[in-house]
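K.L.:
Dumping the structure here so I can ask a few things about it.
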Amino acid sequence: MRSERSLAPYLLFMPTLIYLAVFLVYPLLKALFMVITPEEGTGYTLANIYAVLSDSTFWEALKNTILLAAVIIPLQVFLALMLALFVNTKFRGYMTIVYLITIPLALSDVSAALMSYNIFSPSGYINKILLNLNLIKHPIYFFGFNATTSEFWVIVITEVWRATPLVFIILLAGLQMIGREYFEAADVFGFTKFQKFIYITLPLLKPSLQSALLLRTLFAFQIFGVVWLLAGRDIPILAGETFYQQTELQQYHIAAVYGFVIALISILISWVYLTFLKSAKEV
Amino acid sequence: MKKFAVIGLMVLLVFVVSAYAVSAPKIYFVSTQMHPAGEREFMVGTLLKSFAKESGINVEFLALTYNEMLSRVSAEEKTGKVTISVIGDLHGGLDVMASRNLLQEVKGIPLPNRTFISTLEKYSVIKGKKVYVPWMQATYVMVVNKEAYKYLPNGLTKEDVRKPTEKWTYEALLQWAKNMKEKTGTPKFGLPMAPKGLFHRFLHGYLLPSFTGYEAKEFDSPNGIKAWEYMRKLVNYIHPASSTWAAMSEPLLKGEVLLAWDHTARIKPAIVQQPDKFEVIPVPRGPAGRGYIVVAVGLAVPKKAPQKEAAYKLIDYLTRPSTQVLVLQHVGFFPTVKEATGKIPTGALRILARGVTAQSSSPDSVIAMIPNLGKYGGEFTNTYRKVFKKVVLQKASLQKEVSAAAKLLKSLFEKAGTPIQ
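The listed protein sequences correspond, in order, to chains A and B.
The first sequence begins at 44 in my numbering and counts up one residue at a time.
The second sequence begins at 3 in my numbering and counts up one residue at a time.
Quick look at the structure:
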């Protein structure tokens, strides 16, 4: 009886452990093996890593991925925070606004990219409106090999629209957890609205902010569908190059190096967030 | 009694059927083509069924990958137990088999009432030996919206372009594309430059062979440098959204471009939808000739093949103009015999076939075959795309990039064990 009880937690744990071992640990080890073995022949080699690091496209992809994350994440967090604060005032009909804001959550990145393409393409809404108003003579090209700057900003707009609701939901949940008594106490001490935000809301929102930032940053380094559909390889990114190496060039070991770089960056980011954004009360 | 009579009849029937099956000749036809379910069904259910009905020869169609086929043909040759009578494969693969002395010469096969397109006929003779009979072909051509003829440069006529004559050159294309941009306000020449597009084929199979005579061999020669200098000029008149297009059908139909280059299968939808609006024209020529890719599929016979007469009859049937038209209609591969063009029903297919035949009959042809580089194929095509990006779009040092790429290309051919072309 006693031994049965002591086994129970492990048995309950087993499905998760098996799942993680089969779908996470094994592929990760397999990928690592591919990184350090040659495409042909036996033995171990660093040639795949060298090939990737000496390819200018890798550095371009790394730069673009970081740049996109650096622009998209602060914008998303700022917008989501503003929206969450606004909705948290719980004005009449605020739930309708919540529903409207969260609609993009139901969309895949491919759908979002296609919707965006329909807006910004040469025959899209924006060009049609501008042409009909006689404001332009020829369509404006937001996409193409000589329009990488506008492509970049269209990607930013699409990603901000698509993924801000996720941050918004996390922050709104965090805001709703903050008890009213803190604000009532602040009123007694004569805090201004700004002081309440700085000294009460922000510190108590830190765990939610941490989760939102962690999730969004990890997703940002895996960004693929929106960039691939809107810009192809005009703007190379890490996940896009992994896909290209795997499917188009069929260089599986090189693709594994790209995949591994994404995994390493993700692990590093998680560590940085969990270490440096730790809430003061966590022990 | 009645029961015994029925059983007796059934036994007799089984006996007759098996006797017929044993007596009816059966040959094996292995192919690396016609693999998708619909194409295989057409091959087995329509073509080979009709051939069996006509000749009394049953054909077992085996769809194999190139490696599977090569190892099977090699093993059969080695053991002397050859079962395969006919092989259908791309030029590159047959070239390798011929170099290993696995194929017999197919010179004297009786194939009456058909004229094979001369360039295809020429390439089917490898090292003085006729290795295969041209069976099907696919290629990449240009499509012109008839409206674009308004902007033809001085001295170049529609006929020059359609035929094609010596005046239809890359310089003329540059001028044409420039005229279109200047007169319509936007670039109207498009190439499928998206990652899934076939732009790399344009670079290695059209541009380089037209300027240097080869795909990779003269990559860093003075003419090779000129080819990239030319692209630096042409890019100003290429539609900027080209890098988002994987196939040119849609931009042609939307009127975003008036002139485009792409694979025949990828432009077909535009011509099928609006056959009156578009024409298919051959590609221009460069200083070394009119370079273009031919995806040539041939029919070959293994050296010790059994039932050779039956094999020849199958080759005769598959290269008949009427069979070739059926293949074009169902699978999209173009005929290799001139007589088939006249038999194609009017409409989109005839427009396509006219352009393809004009291109492949051009006397200044420089044919490029997609090199058989195996797993290095991806790296090969990526090298051309990379040079284009660096030299043309990012304006990097031409000489430096081209020299480095030439070395890389040479090493890829060496690693694959294929002579550089």
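Idealized CB from N, CA, C, for every residue including glycine.
Every value quoted in this text rests on a predicted model; they were computed, and no experiment measured them.
Would Tyr168 (chain A) pass as an interface residue toward chain B - the criterion being a Cβ-Cβ separation below 9 Å?
P.N.:
For Tyr168 (chain A), the answer is no, since every Cβ of chain B falls outside 9 Å of its Cβ.
K.L.:
For a quick check, are the C-beta atoms of Gly40 (chain B) and Glu291 (chain A) less than 9 Å apart?
P.N.:
Contact flag unset, no.
K.L.:
Give a yes or no on whether the minimum CB-CB distance between Ala179 (chain B) and chain A is below 9 Å.
P.N.:
No, Ala179 (chain B) lies away from the interface with chain A (no Cβ there is under 9 Å from its Cβ).
K.L.:
Just to confirm the assignment, what range does the beta strand (DSSP E) spanning Asn147 (chain B) have?
P.N.:
It spans 135-147 - the beta strand (DSSP E) in which Asn147 (chain B) sits, taken as one unbroken run.
K.L.:
Could you check if Thr34 (chain B) is buried or exposed, using at least 16 other CB atoms within 10 Å of its CB as the buried criterion?
P.N.:
It counts as buried.
K.L.:
Touching or not, the stretch 211-222 of chain A and the stretch 245-261 of chain A, by the rule of three or more beta carbon pairs under 8 Å?
P.N.:
A contact exists between the stretch 211-222 of chain A and the stretch 245-261 of chain A.
K.L.:
If contact means a Cβ-Cβ distance below 9 Å, which residues of the stretch 258-292 of chain B contact chain A?
P.N.:
Taking 9 Å as the Cβ-Cβ cut-off against chain A, the residues of the stretch 258-292 of chain B that qualify are Glu258.
K.L.:
State the DSSP-derived secondary structure class of Glu188 (chain A), mapped to helix, strand or coil.
P.N.:
The residue asked about is misnamed: residue 188 (chain A) is Phe in this sequence, not Glu. Reduced to three states, the DSSP call for Phe188 (chain A) is coil.
K.L.:
Note down the Cα distance separating Arg276 (chain A) from Leu150 (chain A), rounded to an integer number of angstroms.
P.N.:
Taking the straight line from one Cα to the other gives about 23 Å.
K.L.:
Assuming Glu284 (chain A) and Thr59 (chain A) make a contact with CB atoms under 8 Å, what is their CB distance in whole Å?
P.N.:
Going by Cβ atoms, the distance from Glu284 (chain A) to Thr59 (chain A) rounds to 32 Å, so no, they are not a contact pair.
K.L.:
Examine chain A for any beta-carbon lying closer than 9 Å to the beta-carbon of Glu416 (chain B), and answer yes or no.
P.N.:
Output row for Glu416 (chain B): interface = no.
K.L.:
Taking DSSP's pairing of strands, which residues face Glu62 (chain B) in a bridge?
P.N.:
Paired residues: B:Tyr30.
K.L.:
Just the C-alpha distance for Met214 (chain B) and Ser405 (chain B), rounded to the nearest angstrom, thanks.
P.N.:
According to the sequence provided, residue 214 (chain B) is Thr. The question's Met does not apply to it. For Thr214 (chain B) and Ser405 (chain B), the distance between alpha carbons rounds to 15 Å.
K.L.:
Got a sec: which bits of the stretch 333-354 of chain B sit with their beta carbon under 7 Å from any beta carbon on chain A, in order along the chain?
P.N.:
Within the stretch 333-354 of chain B, no residue has a Cβ that lies closer than 7 Å to any Cβ of chain A.
K.L.:
Against Ala263 (chain A), what residues of chain B qualify as contacts under a CB-to-CB distance less than 8 Å, listed in chain order?
P.N.:
The premise fails here: Ala263 (chain A) is roughly 21 Å from chain B at the closest Cβ pair, so nothing lies under 8 Å.
K.L.:
Bridge partners for Arg292 (chain B) per DSSP, in chain order?
P.N.:
Beta-bridge pairing links Arg292 (chain B) to B:Ser367.
K.L.:
Mapping DSSP to helix, strand and coil, what is Val127 (chain B)?
P.N.:
Strand, per DSSP.
K.L.:
At a Cβ threshold of 9 Å, is Glu149 (chain B) touching chain A?
P.N.:
Judged by the 9 Å Cβ criterion, Glu149 (chain B) is not in contact with chain A.
K.L.:
Take Tyr134 (chain B) and list the residues in its own chain whose beta-carbon comes closer than 7 Å to its own, dropping the five residues that flank it on each side.
P.N.:
Here the set comprises Leu96, Val108, Ser126, Gly300, Leu301, Ala302.
K.L.:
Closer than 6 Å by C-beta to Ile86 (chain B): which residues in its own chain qualify, once you throw out the five before and the five after it? Chain order, please.
P.N.:
The residues are Tyr30, Val32, Pro304.
K.L.:
Considering only C-alpha positions, which residue in the set B:Asn238, B:Ile269, B:His265 is nearest to Pro253 (chain B)?
P.N.:
Of B:Asn238, B:Ile269, B:His265, the residue nearest in Cα terms is B:Ile269.
K.L.:
Need the endpoints of the alpha helix (DSSP H) that Gly40 (chain B) sits in, please.
P.N.:
Residues 39-43.
K.L.:
For Val394 (chain B), report the span of its alpha helix (DSSP H) as first-last.
P.N.:
That residue, Val394 (chain B), is in no alpha helix (DSSP H); it is neither H nor E in DSSP.
K.L.:
Would you list the one or two residues that DSSP bridges to His265 (chain B)?
P.N.:
Paired residues: B:Tyr142.
K.L.:
From the DSSP output, in three-state form, read off Val24 (chain B) for me.
P.N.:
For Val24 (chain B), the pLDDT reaches just 48, beneath the cut-off of 50, and the residue's location in the model is therefore unreliable, although a value from the coordinates is still provided. Looking at Val24 (chain B) - three-state DSSP - the assignment turns out to be helix.
K.L.:
Could you tell me the alpha carbon to alpha carbon distance between Met158 (chain A) and His332 (chain B), rounded to whole angstroms?
P.N.:
One C-alpha to the other measures close to 35 Å.
K.L.:
If the cut is a Cβ gap below 8 Å, which residues of chain A does Ser73 (chain B) touch?
P.N.:
Simply none; closest approach about 17 Å.
K.L.:
Which chain A residues sit within Cβ distance under 8 Å of Gly1 (chain B)?
P.N.:
Absent from the structure is residue 1 (chain B), since the part of chain B shown begins at 3 and ends at 423.
K.L.:
Taking Thr359 (chain B) as the reference, which of B:Phe118, B:Pro114, B:Ala248, B:Lys28 has the closest Cα?
P.N.:
Looking at the Cα atoms, B:Phe118 is the closest of the given residues.
K.L.:
Tell me where the beta strand (DSSP E) around Phe280 (chain B) begins and ends.
P.N.:
280-283 is the span of the beta strand (DSSP E), which, as asked, contains Phe280 (chain B).
K.L.:
Keeping to the same chain, check which residues put their C-beta closer than 6 Å to that of Ala306 (chain A); ignore five residues upstream and five downstream.
P.N.:
No residues qualify anywhere along the chain.
K.L.:
Can you list, in chain order, the residues of its chain with a C-beta nearer than 7 Å to that of Leu126 (chain A)? Leave out the 5 residues immediately preceding and following it.
P.N.:
Answer for Leu126 (chain A): Ile144, Phe211, listed in chain order.
K.L.:
Quick check on this structure: which residue in B:Thr325, B:Pro286, B:Ala312 has the alpha carbon closest to the alpha carbon of Asp162 (chain B)?
P.N.:
The shortest Cα separation from Asp162 (chain B) among B:Thr325, B:Pro286, B:Ala312 belongs to B:Pro286.
K.L.:
Using 8 Å for Cβ pairs, my map puts Tyr160 (chain A) next to Leu273 (chain A). What's the rounded Cβ distance?
P.N.:
Their Cβ separation, rounded to whole angstroms, is 6 Å, which keeps Tyr160 (chain A) and Leu273 (chain A) in contact under 8 Å.
K.L.:
Using a beta-carbon distance cut-off of less than 8 Å, what residues from the stretch 169-190 of chain A approach chain B?
P.N.:
Within the stretch 169-190 of chain A, the qualifying residues are Lys180, His181, Pro182, Tyr184, Phe186, Gly187, Phe188, Asn189, Ala190.
K.L.:
Grouping DSSP H, G and I as helix and E and B as strand, with all else coil, what is Leu113 (chain B)?
P.N.:
Three-state DSSP puts Leu113 (chain B) in coil, outside helix and strand.
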